[in-house]
Amino acid sequence: MDDPAVRRQVAPVEVPPPETGRVLAGEFHQDAGYHVRRTRGTADWLLLHTVGGGGLVRTSETHVLATEPGEAVLLHPGTLHDYGTDPAAGHWHLLYCHVHPPATWLALLDWPEAVSGGSASGIGRIRLGAEVSARVQQQLRGAARATRLAVGRPELFALNAIEAALLWYDTQNPRQRQLDERVLRVLEHLDAHLTEDVDVARLADVAHLSPSRLSHLFTAQVGTPISRYIEAQRMELAARLLEMTGEPISEVARRVGFRDALYFSRRFRALQGASPSAHRARHR
């Protein structure tokens, strides 16, 4: 929500930009006195993800944005930094990262403006549900740990983790097609139990939806019915096994959830355009 700037209780003090390479990431637990102001912003992008409590981020001369758990704010290079703990919350638990992104990330940084009407130029915001927020937090904490590594290529580890976090944000970006968290739970359940007998009733329990509602939502989000999705995933796995192992076709069929090897071969040909043996020969 937008709040009057008078909610800011701490007098602004200019804070110098942090000394960073391509990436700086970490986690803060700040009390009510925390406040950062950088009039000219920084040369990098700054991501602030609220885990607990709340923060205030000035988005314009007349607006201050109150952030809540599960919300993230993205400040573009050169944008005013004026943020701190929300006195109403009393503390602010946040994950942050300063990053100079590669050009391939630009689409992932295309977030909705924090305030509608263009009054928040240079500041984006995305709200996450609890499940996607947990995944983002895992990646951002991984980025923070990576920056402390004393071996390998810590900067690349950190960048990989931040990119993964941005990909999760992108699933909830209103400018893109948003992935419903209930469908996400079903997709992850299917991935973990792909070779098992799966029925829609069980998946509906996972999603906390009725079977009919899940079937409709899954098709709308994924673009294919649940049964076809499961079969396509099994055939993709079978294709990899045929290409990379010498296991008999009957064993490949069993490993991807088919008890009848002949039926598996017919369905594989229908979806892949070749029999399992021909597919294996083609890739060898």
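Okay, so the sequence shown: first residue is 0 according to numbering that gives the first Met the number 0, each after it adds one. A virtual CB, placed ideally from N, CA and C, is assigned to each residue, including glycine.
Asked, Found
"Whole-angstrom C-beta distance between His-97 and Gly-17, which should lie under 8 Å", "Note that residue 17 is Pro in the sequence shown, not Gly. Right, their Cβ atoms sit about 6 Å apart."
"Sequence-distant residues of its chain with Cβ nearer than 6 Å to Gln-29 (five each side left out)", "Thr-84, Trp-91"
"Presumed contact (8 Å Cβ cut-off) between Gly-123 and Trp-110, rounded CB distance", "3 Å"
"Residues that DSSP places opposite Val-56 in a beta bridge", "Leu-64, Tyr-82"
"Three-state class that DSSP yields for Arg-253 in the structure shown", "helix"
"Three-pair Cβ contact test at 8 Å for the stretch 204-211 versus the stretch 138-145", "no"
"Cβ distance (whole Å) where Val-199 is taken to contact Ile-225 below 8 Å", "6 Å"
"Best match in Gly-256, Glu-180, Ile-248, Arg-279 for proximity to Val-197 [C-alpha to C-alpha]", "Gly-256"
"Same chain, Cβ closer than 8 Å to Val-5, five either side skipped, listed in chain order", "Low confidence applies here, because Val-5 scores a pLDDT of 41, under 50, leaving its location unreliable; read the following figure in that light. There are no such residues."
"Alpha-carbon to alpha-carbon, His-48 and Val-22", "16 Å"
"Distance CB(Ala-71)-CB(Leu-46) smaller than 9 Å", "yes"
"Cβ pair Arg-140, Asp-81 closer than 9 Å", "no"
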